[in-house]
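> Okay, so the sequence shown: first residue is 2 according to this note's numbering, each after it adds one. To start, I am sharing the structure in question, which I have written as structure tokens.
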Amino acid sequence: MTMSEEAKEARREYARAWRSKNREKSNEYLRRWRQNNPEKVKENNRRYWEAKAKEMQQQGTKS
């Protein structure tokens, strides 16, 4: 069963508030995850920059 859009938005808002209150804990978790998963980090970065390049090309901005 999928969540309704209202439930998704409520979940995002909850997560946003939690991260704001627990910034150090969140940053530490992400730091450890990146340390333990360097290949996943590389792949995520590659996909991000491929999509970013495609987006920029579609906008007509080549840098």
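A virtual CB, placed ideally from N, CA and C, is assigned to each residue, including glycine.
Got a sec? Which residues, its chain only, sit under 7 Å from K41 by beta carbon, not counting five neighbours each side?
Within the sequence shown, residue 41 is the residue found at index 40, counting from 1. Hits under 7 Å: none found.
> In whole angstroms, what is the alpha-carbon distance linking N37 and G61?
What you label residue 37 is simply residue 36 of the sequence shown in a count that begins at 1. What you label residue 61 is simply residue 60 of the sequence shown in a count that begins at 1. For N37 and G61, the distance between alpha carbons rounds to 38 Å.
> Terminal residues of the continuous alpha helix (DSSP H) containing S27?
Sequence index remark: in the sequence shown, residue 27 carries index 26 (1-based). R24 to N37 is the span of the alpha helix (DSSP H), which, as asked, contains S27.
> In the structure shown, what three-state DSSP assignment does S5 receive?
Position 4 of the sequence shown, counting from 1, holds the residue named residue 5. Correct three-state label for S5: coil.
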